[in-house]
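Here's the structure, in structure tokens; my notes come after.
Residue numbers (my numbering): 41 to 145.
Here it is, written out as structure tokens:
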């Protein structure tokens, strides 16, 4: 049975909106990023995956994404690496952490 991403995307959007652990500034960044993905014609499956992963990162982040420092990104990546995640998920998270030219390498 195929996954209905038309239904899942609004669900993750609602979870992001209701989450008190995510800074309001970061929620705005998530909405901007989602809009950018749609403009670039990403598939609904990819948008859902990226929003879901970014939600996890945003819940954990105690800093505004736009003001991220090398140290704050490294702490977030350290947290990701300490979790039992599939390699593809870890690589996706690392790539997302590098968005906006905030390379830590």
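Virtual Cβ for every residue (Gly too), placed ideally from N, Cα, C.
Assigned exposure category for residue i - 16 Cβ within 10 Å defines buried
i, result
"residue 145", "At residue 145 the pLDDT is 38, less than 50, meaning the model places this residue with poor confidence and gives no usable figure here."
"residue 43", "exposed"
"residue 66", "buried"
"residue 68", "exposed"
"residue 126", "exposed"
Closest Cα partner of residue i within the set the options
i, options, result
"residue 106", "126, 53, 45 and 64", "64"
Alpha-carbon to alpha-carbon, residue j and residue i
i, j, result
"residue 118", "residue 82", "28 Å"
"residue 113", "residue 79", "27 Å"
"residue 62", "residue 41", "33 Å"
"residue 102", "residue 115", "10 Å"
Close beta carbons around residue i, own chain, < 8 Å, minus the five adjacent residues each side
i, result
"residue 46", "84"
"residue 49", "84, 87, 88 and 91"
Validate contact between the region 42–59 and the region 88–97 using beta carbons, cut 8 Å, 3 pairs: yes
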